[in-house]
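Beneath this line is the structure, given in structure tokens, with notes to follow.
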Amino acid sequence: MVTGANSLSLVRDELFATIAEAEQSLEHFIVDRNNGSLLQQAVESFHQVRGTLNLIELVGAELLAQEMLTLATDIPVAAGEDRDAQLSALNNALYILRHYLESVDASRQEIPELLLSGINGLRKVSDQAPLAESFFFSVRLDLPRPTTAAASVESLEAESRRLRHMYQAGLLGLLRGQRVPASLKFMSRALSRLDALYANTAGGRLCWIGAAALEAHADGQLLLRPSRKQLYARLDRELRLMFTSAEYQAPRAMLKELLYFIALADSRGPLASEVRDTFSLSSLPFTDHLLEEESQRLAGPGQAVMRSLSTAIQEELAGIKDLLDLIERGAAEEKALYNLHSLLGKLAKTLGMVGLPSAANALHGQLSVVSSWSEQSKPALAELQKLADVVLYVEGVVPSLASNDRRRMKLPSERAESPEMTFAQHQLNEARIVVLDEAAAGLALAKRAITAYIESNGDKLHLANVPFTLQAVRGGLWFLGQERMASLINACAGYIQQQMIETTQVPSQQMLETLADALTSLEYYLEGGNRLEMGGSGSEVLDLATESVRALGVPAAA
């Protein structure tokens, strides 16, 4: 039996007719809520739609129809205003279902993930937990990972606490929406280091997959949705449980969600690649950004509606241009300026309502100018020309309504102008930028040199210039008033000079990782906040760097 997208054409006409009946019955019931037969007709239509979708095995669409049926059955006759949210959710879900089925019928491709927003909208008004992003994703969670040796540390509790603090510092930046790529990489490093401590345990497995998911999130530039922020925050709580329970087991739902992120991002990073190979994760037939665009398209007005709207606005603009031409030639009828003002005002409101704020603001800016014109005297040619330029600009923006390109253009006059500053201030800010860039480059160079030192089994030639480079970074940060960070850089440079260059013994792997943690924390601090002012935000990251430096046995500034 042919099922899925290929079988939709066999039942298309009947299915869409039933959906139309459901929409009509529901709309009439919203107006006349005492008419129980209208509600019953809607419920029967939902039941028929669900049955048809079940027959052809359109899984996501069937689940959406089932949620609609469940919610509609719960709504009573004579429903009051307290049921408005539920009725609105049903209307919206019907709209999404119809457009999704139209898309499947045209492309012969099922992407049930597109329906999750509609399904969760229905579940929300029914006080049910939302479905996870990975609901339609399948993966075996019991596959063994490559065996690795756990790192040895003097105090597992102290090291675990420090690395969790590192994860929390990155998480804080992520939740605030600050330096997101750097925060994701910072969190990934923390989990990767924890994985080394808890290797071959349930906790280590969570850290391993979590580190790979964060790496993939950054590499694939996945969107930072609220649900994803919540997942990473829950992962922090799981770390606390992992540290306190010897019988800890990672939640299977969380593991599945993290693996879904890795598959969705299609990252080729070292951590993500290892996880992809272990779980045989294949690339998904869509990207995160495609899902977002298609979901918005399903939830928004149909393309035909937007094309009609675009055409109507273009006709209004043509009328305005004709009126401007008559005014410029002095051949306009009486009250032409009044009509022009009225047309511009109405069009500006329309543009604002359909999501073209830049064009709307451009027209609004001309209303006061048109108001100052008099019917007895011809407007100045320069003012007419400026209004004509604005109309032409709007005419160029409006076609984006009929396409999927929702990027908004701005007039040069609308662009935000930077505040005026003196030449000295400008020079100082330029100097700050140069110093910060040099500091970031110096830290990155030091990290690369330490990596080369480790890979060469302790060849000190790789470290020859590192203390000098770090001292140069320290001096620049001192110049910017970052005394605490400068002190931490000095401590790292001292450790490298005394414990890695001037001695014959190579530090333990754990101490080298701790040094890398300190440098990574300092590098992360440099990437955050206001690049010019370097304000107090991010002090928690310096606290973390201080912890790492102290773990090296080197005195550090408080």
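Positions 1 to 558 (UniProt numbering) are the ones given, in order, by the sequence shown.
Even for Gly, the Cβ is constructed at its ideal location relative to N, Cα and C.
Euclidean distance between Cα positions of residue i and residue j
i	j	result
Arg-234	Ala-202	16 Å
Ala-265	Gln-41	44 Å
Val-139	Thr-278	11 Å
Thr-546	Met-485	9 Å
Thr-18	Tyr-95	13 Å
Glu-154	Met-511	11 Å
Ile-313	Leu-324	17 Å
Glu-102	Gln-109	11 Å
Glu-57	Gly-4	5 Å
Ala-439	Ser-267	29 Å
Phe-137	Arg-448	38 Å
residue 579	His-28	Outside the displayed range of the chain (1 to 558) lies residue 579, so it cannot be described from this structure.
Gln-128	Arg-98	24 Å
Ile-262	Thr-311	43 Å
Asn-6	Arg-225	33 Å
Asp-517	Ser-539	16 Å
Leu-326	Ala-360	24 Å
Ser-160	Leu-194	7 Å
Lys-256	Gln-249	14 Å
Leu-515	Ser-548	7 Å
Leu-125	Gly-80	Rather than Leu, the amino acid found at residue 125 in this sequence is Val. Their Cα atoms are separated by approximately 15 Å.
Thr-469	Val-435	13 Å
Arg-297	Ser-308	16 Å
Val-369	Pro-399	26 Å
Ile-433	Ala-472	15 Å
Given residue i as reference, the closest of the options once Cα atoms are compared
i	options	result
Ser-227	Leu-258, Gly-319, Gln-482 and Ala-169	Leu-258
Gln-237	Asn-457, Leu-197, Ser-308 and Arg-164	Correcting the residue identity first, residue 237 is Arg in this sequence and not Gln. Among Asn-457, Leu-197, Ser-308 and Arg-164, the Cα nearest to that of Arg-237 is on Arg-164.
Ala-253	Ser-160, Ile-313, Ser-134 and Leu-115	Ser-134
Arg-12	Leu-309, Thr-73 and Leu-53	Leu-53
Tyr-525	Val-398, Lys-185, Ser-25 and Phe-286	Lys-185
Glu-113	Ala-79, Gly-60, Arg-162 and Leu-363	Gly-60
Tyr-260	Leu-231, Gly-396, Leu-241 and Pro-270	Leu-231
Ser-283	Ser-308, Leu-255, Gly-220 and Ile-327	Gly-220
Pro-251	Tyr-495, Gly-204, Gln-178 and Ala-218	Gly-204
Gly-442	Asn-200, Arg-474 and Asn-361	Arg-474
Glu-294	Ala-382, Leu-115, Thr-469 and Gly-458	Leu-115
Arg-240	Arg-162, Ala-446 and Tyr-453	Arg-162
Tyr-338	Val-180, Arg-50, Ser-372 and Leu-552	Ser-372
Thr-70	Ile-450, Ile-30, Leu-222 and Leu-87	Leu-87
Pro-181	Ser-192, Ala-89 and Ala-218	Ala-218
Thr-520	Ile-501, Thr-504, Gln-498 and Asp-543	Asp-543
Ala-362	Tyr-393, Leu-463, Ala-211 and Thr-350	Tyr-393
Cys-492	Gly-177, Gly-553 and Asp-437	Gly-553
Ser-508	Met-242, Asn-35 and Ala-151	Ala-151
Coil, strand or helix - residue i by DSSP
i	result
Lys-335	coil
Tyr-248	coil
Phe-29	helix
Thr-520	helix
residue 572	The displayed coordinates of the chain run from 1 to 558. Any statement about residue 572 would go beyond what the structure contains.
Arg-145	coil
Gln-59	According to the sequence displayed, residue 59 carries Val and not Gln. DSSP places Val-59 in helix when its eight states are reduced to three.
Leu-436	helix
Ser-273	helix
Pro-419	Reliability of the predicted coordinates at Pro-419 is poor, the pLDDT of 38 falling under 50, and the value obtained from them is presented with this limitation in mind. Note: Pro-419 maps to coil in three-state DSSP.
Asp-459	coil
Arg-205	helix
Val-11	helix
Asp-127	coil
residue 564	Since the first residue shown for the chain is 1 and the last is 558, residue 564 is missing from the structure and cannot be characterised.
Ser-295	helix
Val-49	helix
Arg-140	coil
Pro-112	helix
Thr-287	coil
Glu-133	coil
Leu-532	In this prediction, Leu-532 scores a pLDDT of 35, lower than 50, which makes its location untrustworthy; the coordinate-derived value is nonetheless stated afterwards. Coil, per DSSP.
Ile-450	helix
Extent of the continuous alpha helix (DSSP H) to which residue i belongs
i	result
Gln-86	84-107
Gly-365	357-371
Arg-161	156-175
Ser-183	180-197
Pro-226	226-244
Lys-386	381-397
Met-500	From DSSP, Met-500 is part of no alpha helix (DSSP H); its letter is neither H nor E.
Glu-540	539-551
Pro-467	466-479
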